[in-house]
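Take the sequence shown: its position 46, counted from the start at 1, is 46 in our numbering, and no numbers get skipped.
Heads up: the structure comes next, in structure tokens.
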Amino acid sequence: MASYNLLLLPGDGIGPEVMAGVETVLAALRETGIARFETETDLVGGAAIDRHGKPLADETLERAKAADAILLGAVGGPKWNGVAYDIRPEAGLLRLRKDLALFANLRPAICYPALADASALKRELVEGLDIMIVRELTGGVYFGEPKEITVQADGSKRAVDTQVYTTGEIERIAHVAFDLARKRSGRVASAEKNNVMKSGVLWKEVVTQVHAEHYADVALEHVLADNCAMQLVRRPKQFDVLVTDNLFGDVLSDVAAMLTGSLGMLPSASLGAAGDGGMRRALYEPVHGSAPDIAGADKANPIAMIGSLAMCLRYSFGLGEAADLLDGAITDTLAAGTRTADIAADGAGAVGTKAMAEAIAAAV
Ligand code: NAI
Ligand code: MG
């Protein structure tokens, strides 16, 4: 039986509570005999600051590099608001992303049939929605140089951010998107603004070339990013895999998220280059934060975290059947009416974090 080793980094606030949900579900998955899952648990964020004086200890980073995949809960909270900027809880997460070179951020926007009425859009527009946004995460305008504010001769200021993309950066994110599309509906839309940006011209050129050379079986469509925002709200189900740069991906993935309901439902993956064992380095985490307002109260929805485990099974371990089983268990649990407070119609009859995780494990 194949064996996988997972590093669990629960973090802060509701992080440990939703991560406990992952452990509940992993126990059920082990019973199915699909694979062997070994876990190690370590500290990140505020919890690591309390123990080591910094948000990611060197030995934790080494464990992360050695693991087959990393699952992270959430970091941060009011307790650490006063710590120095470069050792704040978020710095631990940023260091993980940077040192593991996690360049591809995958954010699915899935609308579960049982929750279609929780969407910002009408039920018929979102029912059955299943989009995968692939956002380039380590390049573009957030990192390009120069990046500065300077004072001009007349005393007024001038701010510069620089969008930089190289052929290699666009190629590798394009490969991620096309490979994903092959496992899904076989369609990719690529969003840029080649009408006004040179980086958009190169983006379109490189994506077109990668497609022609390697993925003739996948359908490719180019869409201008502003039109894409409009289409996501007008007719979201036209999209399957949507690949875009760091800045447009930041905005478009937030738009797509709001089509599906609660923050507590949204998983994510960040994929890197191949690690020592040949397996792609990857970190899986819910989109939400540490939710200090409900931490410790058994109120958090664990589905974003458990859905992140499903993505890990699919994209890191190639266990598509196990991932389908887990996604199906989430769908069935919701269809049976089990709700945490964030997705319950009026908060009435809601179950807690533990009970939701146990219901999903039972469905597995
Ligand atoms: P948040 O995502 O933690 O919470 C926003 C709102 O959504 C809150 O009302 C919260 O109760 C609710 N919520 C979030 N996750 C939920 C879940 N699973 N189930 C039910 N309700 C849920 O964002 P906020 O409040 O802006 O940040 C809180 C802390 O988290 C801050 O310290 C922030 O820096 C950190 N943060 C960490 C992130 C990470 O670790 N990746 C991402 C975003 C924020
Ligand atoms: Mg954002």
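We put the CB at the ideal spot given by N, CA and C, even for glycine.
Nothing here was measured: the structure is a model prediction, and the numbers come from that model.
For residue i, three-class secondary structure by DSSP
i                 : result
histidine 366     : Limits of the chain in this structure are 1 at one end and 364 at the other, which puts residue 366 out of reach.
alanine 336       : coil
glutamate 136     : strand
arginine 107      : strand
aspartate 327     : helix
arginine 280      : strand
valine 25         : helix
valine 243        : strand
leucine 70        : Before going on, a small fix: residue 70 reads as isoleucine here, not leucine. Looking at isoleucine 70 - three-state DSSP - the assignment turns out to be strand.
alanine 348       : coil
serine 198        : First, the residue type needs correcting, since residue 198 is lysine and not serine in the sequence shown. Reduced to three states, the DSSP call for lysine 198 is helix.
phenylalanine 317 : coil
glycine 249       : helix
alanine 57        : coil
leucine 309       : helix
Other residues of its chain near residue i: CB distance less than 7 angstroms, five sequence neighbours each side excluded
i              : result
alanine 47     : Gly11, Asp12
isoleucine 360 : Val25, Ile306, Ala329, Ile330, Thr333
methionine 294 : First, the amino acid is wrong: residue 294 is isoleucine here, not methionine. Answer for isoleucine 294: Ile14, Ala300, listed in chain order.
glycine 155    : none
alanine 174    : Val206, Val207, Val210, Val243
glycine 92     : Val44, Gly45, Ala48, Pro55, Leu56, Val75
serine 119     : Cys111, Val126, Leu259, Thr260, Gly261
alanine 172    : The displayed chain sequence assigns arginine, not alanine, to residue 172. So the qualifying residues of the chain are Phe103.
methionine 279 : Asp68, Ser316
alanine 114    : Leu334, Ala335
Other residues of its chain near residue i: CB distance less than 6 angstroms, five sequence neighbours each side excluded
i             : result
alanine 69    : Leu6, Ala282, Cys312, Ser316
leucine 100   : Gly272, Arg281
lysine 157    : Ile149, Val151
leucine 220   : Val188, His211
isoleucine 34 : Ala322
aspartate 245 : Glu136, Gly140
glycine 73    : Pro10, Gly11, Gly15, Val18, Met19
Candidates the options: closest to residue i by CA position
i              : options                        : result
arginine 107   : Thr166, Gly140, Val176         : Val176
lysine 183     : Ala323, Thr340, Gly128, Val255 : Ala323
methionine 197 : Ala219, Arg187, Val141         : Val141
isoleucine 110 : Trp80, Ile173, Asp130          : Asp130
proline 16     : Met1, Ala2, Gly200, Pro292     : Pro292
aspartate 179  : Ala74, Trp203, Asp217, Thr167  : Asp217
valine 134     : Pro89, Ser253, Ala74, Val351   : Ser253
lysine 65      : Leu102, Asp327, Gly73          : Leu102
aspartate 342  : Gly128, Leu309, Met265         : Met265
asparagine 194 : Asp226, Ala181, Glu171, Ser185 : Asp226
alanine 2      : Glu23, Val18, Arg30, Asp42     : Arg30
leucine 325    : Val351, Thr340, Arg123, Ala362 : Ala362
Minimum Cβ-Cβ distance from residue i to chain C less than 8 angstroms
i              : result
methionine 258 : Note that chain C does not occur in the displayed structure, where there is just one protein chain.
Per DSSP, cross-strand counterpart(s) of residue i
i             : result
threonine 162 : Gly144
glutamate 40  : Leu7
histidine 222 : Ser190
lysine 157    : Val151
serine 268    : Glu285
alanine 274   : Arg280
aspartate 130 : Ile110
Cβ-based neighbour list, residue i, same chain, cut-off 8 angstroms, excluding 5 preceding and 5 following
i             : result
glycine 21    : Pro302, Met305, Ile306, Thr353, Lys354, Met356, Ala357, Ile360
valine 255    : Ala229, Leu232, Val233
arginine 97   : Leu137, Thr138, Ser270, Leu283
valine 223    : Ala189, Ser190, Ala191, Gln231
arginine 235  : Leu125
aspartate 240 : Asp130, Ile131, Met132, Ala181, Arg184, Ser185, Gly186, Arg187, Val188, Ala189
glutamate 90  : Gly45, Pro55, Val75, Gly76
glutamate 145 : Thr162, Val164
Check: residue i C-beta below 7 angstroms from any heavy atom of the ligand NAD
i             : result
threonine 340 : As far as ligands go, the structure on display features the ligand NAI and the ligand MG and does not contain the ligand NAD.
Using 8 angstroms as the cut-off, can you tell me whether the stretch 153-164 makes contact with the stretch 211-227, which would need three or more C-beta pairs spanning the two stretches below that distance? no
At least three beta-carbon pairs within less than 8 angstroms, the stretch 332-346 to the stretch 40-55: no
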